[in-house]
């Protein structure tokens, strides 16, 4: 309790000193005041960083010294001074007061700094300096709006003001509030800076609601800022993460085109996968057709997603036909393509067809390496048919050395199914099979 009263006493003393300093400064010679203020301002600049939060001795010394020297001067005499010299002196005074205000705010003399701002400085530059200090700490950011309201009668906010406040809100993980702040700028005849707009959009995509990010993307055009490919992809990814697949497809199909950004094959692939996982198979067909109409040629990855959707739908005949179609189109199925179909046949209880498809992959010279096997085992475990497929998996496993077995174990761990596979006894059978082969 004693240290708290001492701290508040120092604060009151500093406040009284700087008020007396300002009263004295109003009635002294401009030339001498300019000289003294220049010296004190330099000392503030050079030594402010050496004053920590709990030590106000140096601030007290500067204020007391400035007040004492000014009190020794005579009444002001501006005879013979030109208007330019008088204006120059006024500018120097504002610079010094701004330096004093920022130093007080930096050392948590907030009441003194705000009083100095509202009574003497009263400029947009000083407002921005004070807001920058307040917004640098999350503990004092709540004071910033009060200071902004206090400045309304005599200091209009500018683009820098909005940059300081909205950046602080983004750092505080409140990007929606930062976006609302930027929406106020046109009413003040201020244009948001494109770089700053994209910074707020990026923050919205990282930690804000996806719907707010999509809305902000549309508003960018109202400010004559055309969204780039990276802007669209950021919003697109955010919508997919929150399961808003229809809205994400709207970005790919319409909004990107309106901004002169051509959707890529990977964009359509991500939409296909999302619709497939949500079991919206009609939408999968629509997206695949739209991709073909745009002249995009599917690669093996996109074909695998489409075939996977057909398998989830239960259309195994359609999946086999699509494998034939992709081969006729010059895109050979890879081992993952066969793995998806094998897993679906096993899930449907058709072990004969599953074994036939697996053997077809082997006849084509495709290698069931550890990564692909782990993916296949993961799909089978997720479908609840891991036990039924053990015989088929043993046929596919060509485990002849320990490194291959280790790679398979690591791949299963990445899939998150290693413990389940060990529990089924499959790994024991693999090891026994390896020893017999040796």
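Numbering (UniProt numbering), first residue to last: 1 to 438. Even glycine gets a Cβ: it sits at the ideal position worked out from N, Cα and C.
Residue i versus residue j - alpha carbon distance
i: residue 141; j: residue 247; result: 35 Å
i: residue 355; j: residue 342; result: 7 Å
i: residue 200; j: residue 167; result: 8 Å
i: residue 232; j: residue 165; result: 25 Å
i: residue 238; j: residue 218; result: 15 Å
i: residue 439; j: residue 287; result: This structure cannot speak to residue 439, because the chain is shown only from 1 to 438.
i: residue 324; j: residue 347; result: 22 Å
i: residue 178; j: residue 359; result: 59 Å
i: residue 265; j: residue 300; result: 11 Å
i: residue 170; j: residue 298; result: 39 Å
i: residue 331; j: residue 256; result: 28 Å
i: residue 136; j: residue 145; result: 14 Å
i: residue 368; j: residue 329; result: 24 Å
i: residue 263; j: residue 181; result: 31 Å
i: residue 189; j: residue 132; result: 22 Å
i: residue 307; j: residue 279; result: 13 Å
i: residue 250; j: residue 362; result: 41 Å
i: residue 294; j: residue 254; result: 13 Å
i: residue 333; j: residue 292; result: 19 Å
i: residue 222; j: residue 240; result: 25 Å
i: residue 364; j: residue 215; result: 50 Å
i: residue 174; j: residue 152; result: 24 Å
i: residue 187; j: residue 289; result: 45 Å
Chain-order list of residues whose beta-carbon lies under 8 Å from that of residue i (same chain, five-residue window excluded)
i: residue 130; result: 101, 102, 105, 113, 114, 117, 147
i: residue 185; result: 159, 162, 191, 192
i: residue 352; result: none
i: residue 320; result: 341
i: residue 322; result: 303, 306, 307, 310
i: residue 183; result: 219
Beta-carbon separation (whole angstroms), residue i vs residue j, contact threshold 8 Å
i: residue 163; j: residue 125; result: Between residue 125 and residue 163 the Cβ distance is about 14 Å, and since that is not below 8 Å, they are no contact.
i: residue 230; j: residue 208; result: Not quite, the Cβ-Cβ distance comes to about 17 Å (not below 8 Å), so this is no contact.
i: residue 326; j: residue 303; result: 5 Å
i: residue 268; j: residue 284; result: Not confirmed; about 11 Å, so no contact.
i: residue 138; j: residue 111; result: Actually they are not in contact, since the Cβ atoms of residue 138 and residue 111 sit about 20 Å apart, beyond 8 Å.
Reference residue i, options the options, closest by Cα
i: residue 245; options: 263, 340, 136, 271; result: 271
i: residue 349; options: 316, 363, 321; result: 316
i: residue 154; options: 127, 177, 134; result: 127
i: residue 311; options: 339, 290, 325, 263; result: 339
i: residue 243; options: 322, 198, 210, 138; result: 210
i: residue 198; options: 220, 183, 240, 187; result: 220
DSSP state of residue i mapped onto helix, strand, coil
i: residue 443; result: Since the first residue shown for the chain is 1 and the last is 438, residue 443 is missing from the structure and cannot be characterised.
i: residue 291; result: helix
i: residue 439; result: Given that the chain is displayed from residue 1 to residue 438, the structure contains no residue 439 and the question cannot be resolved.
i: residue 311; result: helix
i: residue 140; result: coil
i: residue 184; result: coil
i: residue 263; result: coil
i: residue 256; result: helix
i: residue 331; result: coil
i: residue 131; result: helix
i: residue 237; result: helix
i: residue 272; result: helix
i: residue 174; result: coil
i: residue 316; result: helix
i: residue 218; result: helix
i: residue 280; result: coil
i: residue 243; result: coil
i: residue 298; result: coil
i: residue 145; result: helix
i: residue 189; result: coil
i: residue 348; result: coil
i: residue 359; result: helix
i: residue 367; result: coil
i: residue 103; result: helix
i: residue 124; result: helix
Other residues of its chain near residue i: CB distance less than 7 Å, five sequence neighbours each side excluded
i: residue 313; result: 281
i: residue 213; result: 201, 204, 205, 235, 238
i: residue 318; result: 310
i: residue 122; result: 154, 155
i: residue 194; result: 225
Own chain partners of residue i with C-beta closer than 6 Å, once the 5 adjacent residues on each side are dropped
i: residue 259; result: 226, 227
i: residue 366; result: 335
i: residue 273; result: 305
i: residue 296; result: 265
i: residue 261; result: 229, 232
i: residue 357; result: 338, 341, 342
i: residue 143; result: 134
Beta carbon proximity, residue i to chain C, threshold 8 Å
i: residue 278; result: Checking the listed chains, one finds no chain C in this structure; it contains a single protein chain.
Any non-hydrogen atom of the ligand ZN within 7 Å of residue i CB
i: residue 264; result: You won't find the ligand ZN in this model; it holds no ligand whatsoever.
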